[in-house]
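Note sheet for the following structure.
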Amino acid sequence: MSGELRLTVLGAGYLGITHAASMASLGFDVLGVDTDAARVDQLNAGHLPIYEPGLEELLGAGLEAGRVKFTTSYPEAAAFGDVHFICTGTPQQLGSNRADLSQVHACVAALAPLLDRPCLVVGKSTVPVGTARRLAAELSQACPGAELAWNPEFLREGNAVADTLAPDRIVVGVTSGRAEQILRQLYARPLAGGAAFIVTSLETAELAKAAANAFLATKISFINAMAEICETAGGDVRDLAQILGADPRIGPAFLRAGLGYGGGCLPKDIRAFVARAEDLGAGASLAFLREVDAINLRRRARTADLAHELAGGNLTGVPVCVLGAAFKPGSDDVRDSPALDVAQILTGMGARVTVYDPAALDNARRARPELSYAPTLAGAARGAHVVLLLTEWPEFTALTPDRLGGIVARRNIIDARNALDPVPWREAGWEYRALGVAEDTAAEDTAARARLDASP
Ligand code: UGA
């Protein structure tokens, strides 16, 4: 293997599309492979099946330069690639906490028998520790010149292109110096930009991703556990998070208390991590992650209870406006969306729920067709007795109490992302409730702050 390396990217999901377009932008010739012919046609026409800022432009530039294209053909991929990236999804198994590895296995099973020359296969999917070692054996049995490396991906939705082209760190699990050299060559540009290059074993590379997501989830659930304590003891979790975050050993990131984490990664990754530890006989080590998950899910129930309270103890037939369907702003992804879960719980409590989201309505309709949706914020809020802000889109955080007050029937709002300033809302006659702030303390604090603001 020498000269210009040619790359394939197996699996054209979030990760695969971003990786293919990014590697093309670094000057490599890339062939993306997916079994979904409609998706392949869509991508070859320059259209994204997902919402990701900057990615369509990057893909368009790659297509125009002839550096990237997509196919359904594994024989074409095997003939084309010097390096094959596995980017298939690893969702949660139905009826279990384990990761469903069927797409990863199908991809290796399709590729391995077709390999007839030395190549490097690089896993990027999030897999349970131990998977890479097994895949390496399968590959080298099929083709003695085929080697496996593991190179986990840390990209965030909404930031995928920047996270890929300018990452903090590039982690490579390798079993030879040759694999390391190839990966250094592929990532020369991000490395020159200052990314740390960490060379380790296959197992540590697999664990790196699981551990990073487990830590992030733990940080969020830690502050949400503090929110629960604040609610009962009379504290304010926003002030608490600011105080904790000012300590550089703790840091402010991922200490935003509220409705908790969702999405296609954090929830299923920590469950799969626990399941893998249990399979390895090390379940006690990760037992705390079960509590992290439980804290996270409790926030959804608590939010619904707050709405029940604001509706006077009975939600039957009460018009409720849910602002947000995406699992976070800047994304149209509704996988394990806390917002949609809350909408569903409220519907189960008898409320007449209408959901609005600036980007995720189509996906939400497909995922939860039983819920009602409105194409505009005003359409969802008209006549509402309770409004819940569940995803902190700028369109929602920019709302003013008077504007929304002119649309709703009753001025009740739950700020489940701690995204609004309570003072003007309360001053405008709203019953404003947030997660992590005891009701009495919040009202007193608001009054005190308003007095302070008003004093000369
Ligand atoms: C996450 C990780 O941040 C990435 O590093 C990782 O590569 C990715 O999963 C993955 O495994 O592929 P992502 O799912 O895009 O990325 O979303 P995040 O930005 O991490 O947010 C996750 C959830 O946590 C969202 O629902 C967000 O609303 C919530 N969150 C985040 C909080 O509730 N509080 C916070 O302080 C921060």
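Per this note's numbering, residue 54 is the first one in the sequence shown, and the count goes up by one each step. Ideal Cβ positions, reconstructed from N, Cα and C, are used throughout, including at glycine.
Straight-line CA distance for Cys374 to Trp483? Cys374 and Trp483 have their C-alpha atoms roughly 15 Å apart.
Decide yes or no for the touch test of the stretch 465-474 against the stretch 414-422: beta carbon pairs closer than 8 Å, at least 3 of them. Too few Cβ pairs lie closer than 8 Å, so no.
Return the bridge partner residues of His72 from the DSSP annotation. According to DSSP, which records beta bridges pairwise, His72 is partnered with nothing at all.
Is Asn266 near ligand 1, in the sense that its beta carbon is under 6 Å from a heavy atom of that ligand? Of the heavy atoms belonging to ligand 1, at least one sits nearer than 6 Å to the Cβ of Asn266.
Runs of alpha helix (DSSP H) wholly within the stretch 107-143 (minimum 4 residues, chain order): Qualifying alpha helix (DSSP H) stretches, in chain order: 108-117, 127-133.
Closest by CA to Pro488, which one among Val408, Glu448, Arg309, Thr450? For the record, residue 488 in the displayed sequence is Leu; it is not Pro. Looking at the Cα atoms, Arg309 is the closest of the given residues.
Which whole-angstrom value describes the C-beta separation of Thr444 and Gly401, a residue pair presumed to lie in contact below a C-beta threshold of 8 Å? Distance from Thr444 to Gly401 at the Cβ level is roughly 20 Å; contact not present, criterion being Cβ atoms closer than 8 Å.
Spatially closest choice to Asp82 from Leu60, Met279, Gly365, Gln95, by CA coordinates: Relative to the Cα of Asp82, the nearest Cα in the group Leu60, Met279, Gly365, Gln95 belongs to Leu60.
In or out: Ile70 buried (at least 16 other Cβ within 10 Å) or exposed? Buried, since its Cβ has 16 or more Cβ neighbours within 10 Å.
Report, in whole angstroms, the separation of the C-beta atoms of Glu233 and Val225, which I expect to be a contact under 8 Å. So it is a contact: roughly 6 Å between Cβ atoms.
For Gly370, count neighbouring C-beta atoms within 10 Å of its own C-beta (all shown protein chains included) and say buried if the count is 16 or more, exposed if not. Only exposed fits Gly370, as fewer than 16 other CB atoms lie within 10 angstroms of its CB.
Does the Cβ of Thr51 have 16 or more other Cβ atoms within 10 Å, making it buried, or fewer, making it exposed? No answer is possible for residue 51: it lies beyond the span of the chain, which begins at 54 and ends at 509.
Quick check: what's the CA-CA separation for Thr141 versus Trp203? Taking the straight line from one Cα to the other gives about 13 Å.
Start and end residues, beta strand (DSSP E) containing Asn465: Start and end: 465-468.
Contacting residues, own chain, Cβ-Cβ under 7 Å from Ala481 (five flanking each side not counted): Cβ within range, chain order: Pro454, Asp455, Gly458.
Can you tell which of Arg187, Ser229, Val157, Ile303 has the C-alpha that lies nearest to the C-alpha of Cys172? Nearest option by C-alpha distance: Ser229.
Neighbourhood of Cys196 by C-beta distance below 7 Å, restricted to the same chain and skipping five residues each side: Annotation for Cys196: Ala165, Leu168, Asp169 place their beta carbon closer than 7 Å to its own, counting only its chain and skipping 5 residues before and after.
Name the two residues that bound the continuous beta strand (DSSP E) containing Val224. 222-226 is the span of the beta strand (DSSP E), which, as asked, contains Val224.
So, at 8 Å on beta carbons, what are the nonlocal neighbours of Gly115 in its own chain, with the 5 sequence-adjacent residues on each side left out? Ala73, Ala74, Ala77, Ser78, Val83, Val121, listed in sequence order.
Helix, strand or coil for Glu480, going by three-state DSSP, please let me know. Three-state result, Glu480: helix.
Is Arg352 a contact residue of ligand 3, with contact defined as CB to any heavy atom under 6 Å? Inclusion of ligand 3 in the displayed structure is not the case, the ligand content consisting of ligand 1 alone.
My understanding is that Ala379 touches Ala412, with C-beta atoms under 8 Å, so please give their C-beta distance in whole angstroms. Going by Cβ atoms, the distance from Ala379 to Ala412 rounds to 6 Å, so yes, they are a contact pair.
Looking only at C-alpha atoms, which of Pro220, Lys177, Asp410 sits nearest to Ala431? Ranking Pro220, Lys177, Asp410 by Cα distance to Ala431 puts Asp410 first.
State the DSSP-derived secondary structure class of Leu393, mapped to helix, strand or coil. Leu393 carries a helical assignment under DSSP once its states are collapsed to helix, strand and coil.
Quick one: give me the first and last residue of the alpha helix (DSSP H) that Ala162 is part of. If you look at Ala162, you'll find it in the alpha helix (DSSP H) that goes 155-164.
By DSSP's criteria, Phe250 is part of a beta bridge. Which residues make up the other side? Under DSSP, Phe250 forms a beta bridge with Ile223.
Please determine, among Thr179, Asn97, Tyr485, the residue with the shortest C-alpha to C-alpha distance to Ala261. Checking every option, the nearest Cα to that of Ala261 belongs to Thr179.
Spatially closest choice to Leu393 from Leu58, Leu312, His361, Glu105, by CA coordinates: Minimum Cα-Cα distance from Leu393 among the listed residues Leu58, Leu312, His361, Glu105 corresponds to Leu312.
Nearest-angstrom Cα distance between Asp221 and Arg470? A straight line joining the alpha-carbon of Asp221 with that of Arg470 spans about 27 Å.
Per DSSP, cross-strand counterpart(s) of Glu200: Answer is Leu173.
CA-CA distance, Ala90 and Thr125? Whole-angstrom Cα-Cα distance: 6 Å.
Opposite Leu255 in the DSSP bridges: which residues? Leu255 is bridged by DSSP to nothing; it lacks a bridge partner.
Cβ pair Arg353, Pro391 closer than 7 Å: Between Arg353 and Pro391, the C-beta gap is smaller than 7 Å, which places the two residues in contact.
Using 7 Å as the threshold, is the C-beta distance between Leu101 and Glu109 below it? In this structure, Glu109 lies closer than 7 Å to Leu101 by Cβ.
Kindly indicate which residue of Ser155, Pro144, Pro243 has the alpha-carbon position closest to the one of Gly80. It is Pro243.
Specify whether the stretch 185-192 and the stretch 140-154 touch according to this definition: at least 3 beta carbon pairs, one from each stretch, less than 8 Å apart. By the Cβ test, the stretch 185-192 is not in contact with the stretch 140-154, since fewer than three Cβ pairs between them sit closer than 8 Å.
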